[in-house]
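*Asks:* Numbering (UniProt numbering), first residue to last: 1 to 219.
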């Protein structure tokens with residue numbers, strides 16, 4: 001069974017400013033996955049004064065009353081997996097997760113829990129591990145061992161139940177609130193981009209080793 005209903009698709013974002021290229025992506029964009037080099041990531045974290053998870057997690061949110069569902073990353077070299085889970089677990093995308101699928105079962109089990117037990121739901125899932133490794137082996141790139149530190153971070157941007165832009169990454173101290181969005185704004189609206197992806201790109205200093213993928217309903 002597919003984890004997502006076929007109405008949703010992932011789209012490479014080739015430009016954040018060129019209208020003709022942005023028009024290739026169906027709207028609304030329900031989530032963005034942003035892959036950023038570590039230096040850009042850490043400069044934004046330093047500017048914000050945002051704690052990282054290895055400094056100790058202080059986030060205490062749990063349950064459906066929270067605006068977003070966040071997972072602390074405890075699986076090595078699975079940054080992309082966590083970004084994907086964050087993208088589909090939140091906002092309108094959650095409604096497109098196939099009922100009874102592995103993803104649906106994991107999210108149903110994890111949502112009511114605190115961050116430690118929620119992380120364990122993913123870490124202890126043999127089905128998830130098998131699916132993750134199968135997907136990794138299907139690609140053409142080198143699959144690093146779990147203990148090897150990657151040079152990139154995978155961040156999901158979603159619109160929470162509260163209408164705010166949320167930044168979700170398993171190495172942070174919980175979800176990061178980037179402020180309220182207008183009723184008609186999606187993840188590719190100028191307001192969302194300025195407070196999200198473009199803040200990181202502002203520290204690129206000529207480094208073009210970043211990419212953006214949008215999750216949207218197919219036209």
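Using N, Cα and C, we set each Cβ at its ideal position, and we do this for glycine too.
(1) Where residue 100 and residue 206 are concerned, what is the direct C-alpha to C-alpha distance, given to the nearest angstrom?
(2) What alpha helix (DSSP H) runs, 4 residues minimum, are completely inside the stretch 87–128?
(3) Going by C-alpha distance, which of 212, 172, 50, 68 is nearest residue 159?
(4) Does the distance from the CB of residue 215 to the CB of residue 195 come in under 8 Å?
(5) Which same chain residues, not among the five before or five after residue 162, have their C-beta less than 6 Å away from its C-beta?
(6) Using CA atoms only, rank isn't needed, just tell me which of 125, 17, 87 is closest to residue 10.
(7) Return the chain-ordered list of same chain residues with a C-beta closer than 8 Å to the C-beta of residue 27, the five sequence neighbours on each side being excluded.
(8) Can you check which of these residues, 208, 53, 16, is closest to residue 73 by C-alpha distance?
(9) With 16 other CB atoms within 10 Å as the buried threshold, where does residue 223 fall?
*Replies:* The answer reads as follows:
(1) 45 Å
(2) 102–110, 115–123
(3) 68
(4) no
(5) 67
(6) 87
(7) 186, 188, 216
(8) 53
(9) Since the displayed the chain opens at 1 and closes at 219, residue 223 lies outside it and no answer follows.
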